[in-house]
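Chemist: Following this message is one structure expressed as structure tokens.
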Amino acid sequence: MANMAREERPESRRDGADERAAGRSSVGQAGKVAQDVAARNRVVYEALYADESASASYEVRNKTRIVGKLTRKLGSYPERVLDIGFGTGDNLALFARSETALVGVEPIRTPIAMLRRHRPSLRMQGVVADAQSLPFLHGVFDLVVFSHVLEHLSDEAAALAEVRRVLRPDGYAVVLVPCKDIEKNPLHVRRYDRRAISAACTCAGLMPIRYVAVGSRVLEMVLRLLLRLAGGLETAQASPANRRRFPGLRQRYHRLVVPLMLVLSPVDDLVASLQRQPLEVGLLVRRSAKDL
Numbered sequence: 000m001a002n003m004a005r006e007e008r009p010e011s012r013r014d015g016a017d018e019r020a021a022g023r024s025s026v027g028q029a030g031k032v033a034q035d036v037a038a039r040n041r042v043v044y045e046a047l048y049a050d051e052s053a054s055a056s057y058e059v060r061n062k063t064r065i066v067g068k069l070t071r072k073l074g075s076y077p078e079r080v081l082d083i084g085f086g087t088g089d090n091l092a093l094f095a096r097s098e099t100a101l102v103g104v105e106p107i108r109t110p111i112a113m114l115r116r117h118r119p120s121l122r123m124q125g126v127v128a129d130a131q132s133l134p135f136l137h138g139v140f141d142l143v144v145f146s147h148v149l150e151h152l153s154d155e156a157a158a159l160a161e162v163r164r165v166l167r168p169d170g171y172a173v174v175l176v177p178c179k180d181i182e183k184n185p186l187h188v189r190r191y192d193r194r195a196i197s198a199a200c201t202c203a204g205l206m207p208i209r210y211v212a213v214g215s216r217v218l219e220m221v222l223r224l225l226l227r228l229a230g231g232l233e234t235a236q237a238s239p240a241n242r243r244r245f246p247g248l249r250q251r252y253h254r255l256v257v258p259l260m261l262v263l264s265p266v267d268d269l270v271a272s273l274q275r276q277p278l279e280v281g282l283l284v285r286r287s288a289k290d291l
């Protein structure tokens, strides 16, 4: 019987070795990029979480609004909630009931210490862990919140697989990701649109059941203008003379502007839903009961 295996010539073996070496180099380079991004994220978020006013910002409060919007019509109230990348704790506070167990995960200890200091009434178990390797048993949570974390992680598939693993059968997860260009944010390793995040969740055994588009270019321009003004106020407040003349000016500014922006946000969501590419997308997904 004739030998059906392809005979490999010496030059083809050399070509194969070169390809494997190039592959190892590519993997190594990708790993280094991921490590660099992780290091940058750690520096930025250490500083962010140390800022006591972070939870008052429009970005934080708007993300919490979207989480509330996506979970408003759940069939039953979740008894065990996990927030991966809980940050200021605002998302967990949405589900704070005496009978609800709240657990938050962060890769650094700073936000845990901050929450204990500034929100002692929020009864939450804080855990330092990697989102791509969670230290929990299978099927222990009714709801997982995964807001603006996935774009920072090197292994998307591992992270979503962990979300599915810790959810009970037919449990829910909220997944929020940005749609801005990756080139504009050095803290992100990938960008998304509705199709990409839906496909990633489906491949992980998380079935999309509700979708919301968040943020239009119009509100982004308004927000940039307002933030620039806030930055100018912060610079002005750095002067001792101005602090005496206008005490609490920036705080009063945020107390006025942030509620106004939140009032406009539902209208902006409607505008975003008509655009091909909103600024962010949010999904409510359900864990498939069937094993992958």
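Mapping of the sequence shown onto numbering that gives the first Met the number 0: position 50 corresponds to residue 49, and the numbering continues sequentially without gaps. Heads up, the beta-carbon is just placed ideally off N, CA and C, and yes, glycines get one too.
Mapping the DSSP letters down to three states, classify Val139 as helix, strand or coil.
Modeler: Three-state DSSP puts Val139 in coil, outside helix and strand.
Chemist: Can at least three beta-carbon pairs, one atom from the segment 161-170 and one from the segment 184-196, be found at a separation below 8 Å?
Modeler: Verdict: no, contact absent.
Chemist: Starting from Tyr57, trace the alpha helix (DSSP H) in both directions and tell me its first and last residue.
Modeler: Note, Tyr57: alpha helix (DSSP H), 57-70.
Chemist: Could you pull the DSSP bridge partners for Glu279 from this structure?
Modeler: Paired residues: Pro177, Val213.
Chemist: From Thr99 to Gln274, what distance separates their C-alpha atoms?
Modeler: Approximately 38 Å between the Cα atoms of the pair.
Chemist: Note down, in chain order, each residue of its chain lying with its Cβ closer than 7 Å to the Cβ of Val143, except the 5 sequence neighbours on either side.
Modeler: Excluding residues within five positions, the ones whose Cβ falls inside 7 Å are Leu81, Ile83, Val162, Val165, Leu166, Ala172.
Chemist: Cβ of Cys200 within 8 Å of Cβ of Leu282?
Modeler: In contact: Cys200 and Leu282 (Cβ atoms closer than 8 Å).
Chemist: Could you pull the DSSP bridge partners for Val321 from this structure?
Modeler: Residue 321 is absent from the model: the chain starts at 0 and stops at 291.
Chemist: Going by the CB atoms, is the gap between Val174 and Leu152 shorter than 8 Å?
Modeler: No, Cβ-Cβ distance for Leu152 and Val174 is not below 8 Å.
Chemist: Go through its chain and collect everything with a Cβ distance to Val102's Cβ below 6 Å, but skip five positions before and after it.
Modeler: Answer for Val102: Leu81, Gln124, listed in chain order.
Chemist: With a threshold of 6 Å on Cβ separation, who are the neighbours of Ile111 within its own chain once the five nearest residues in sequence on each side are excluded?
Modeler: Closer than 6 Å at Cβ, skipping near neighbours: Gly125.
Chemist: Taking contact to mean at least 3 C-beta pairs separated by less than 8 Å, is the segment 72-79 in contact with the segment 125-137?
Modeler: No, the segment 72-79 does not touch the segment 125-137.
Chemist: What's the call for Val262, buried or exposed, on a 16-neighbour Cβ count within 10 Å?
Modeler: Label assigned to Val262: exposed.
Chemist: By a C-beta neighbour count over all protein chains shown, 10 Å radius and 16 as the cutoff for buried, is Leu259 buried or exposed?
Modeler: By the neighbour-count rule (16 or more Cβ atoms within 10 Å), Leu259 is not buried but exposed.
Chemist: Between Ser120, Tyr57, Arg286, which has its C-alpha nearest Leu205's C-alpha?
Modeler: When each option's Cα is compared against that of Leu205, the closest is Arg286.
Chemist: Closest by CA to Ile65, which one among Ala203, Arg254, Met220, Phe145?
Modeler: Ranking the options by Cα distance to Ile65, first place goes to Phe145.
Chemist: Express the C-alpha separation of Glu155 and Gln131 in angstroms, rounding to a whole number.
Modeler: So the two alpha carbons sit approximately 8 Å from each other.
Chemist: Enumerate in chain order the residues of its own chain whose CB-to-CB distance from Arg216 is below 8 Å, with the five nearest sequence positions on each side excluded.
Modeler: Cβ neighbours of Arg216 beyond the five flanking positions: Gln274, Leu278.
Chemist: When you compare only the Cα positions, how much space is there between Ala95 and Arg115?
Modeler: Roughly 15 Å between the two C-alpha positions.
Chemist: In whole angstroms, give me the CA-to-CA distance for Val188 and Met220.
Modeler: About 24 Å.
Chemist: Return yes when the Cβ of Pro207 is within less than 8 Å of the Cβ of Val284, no when it is not.
Modeler: Yes, the pair counts as a contact, with Cβ atoms nearer than the cut-off.
Chemist: Going by other Cβ atoms of all chains shown within 10 Å of its Cβ, with 16 needed for buried, is Leu255 buried or exposed?
Modeler: Exposed, since its Cβ has fewer than 16 Cβ neighbours within 10 Å.
Chemist: Is the separation between the beta-carbon of Leu91 and that of Leu121 shorter than 8 Å?
Modeler: It is a contact, given that the beta carbons lie within the stated cut-off.
Chemist: Hey, how far is the Cα of Arg79 from the Cα of Ser272?
Modeler: Near 31 Å, if we compare the C-alpha coordinates of Ser272 and Arg79.
Chemist: Would you grab the beta carbon distance between Arg118 and Gly88 for me? Rounded to a whole angstrom, and I think it's under 8 Å.
Modeler: Yes, Arg118 and Gly88 are in contact; Cβ-Cβ is about 6 Å, under 8 Å.
Chemist: Quick one: give me the first and last residue of the beta strand (DSSP E) that Leu81 is part of.
Modeler: That run of the beta strand (DSSP E) goes 79-83.
Chemist: Within 10 angstroms of the Cβ of Asp267, are there 16 or more other Cβ atoms? Answer buried if so, exposed if not.
Modeler: Buried, because 16 or more other Cβ atoms sit within 10 Å of the Cβ of Asp267.
Chemist: Please list, in chain order, all residues of the same chain as Gln276 whose beta carbon is under 7 Å from its beta carbon, the five residues on each side excluded.
Modeler: Answer for Gln276: Cys178, Asp192, listed in chain order.
Chemist: Within 10 angstroms of the Cβ of Ala288, are there 16 or more other Cβ atoms? Answer buried if so, exposed if not.
Modeler: The residue is exposed, with fewer than 16 neighbouring Cβ atoms inside 10 Å.
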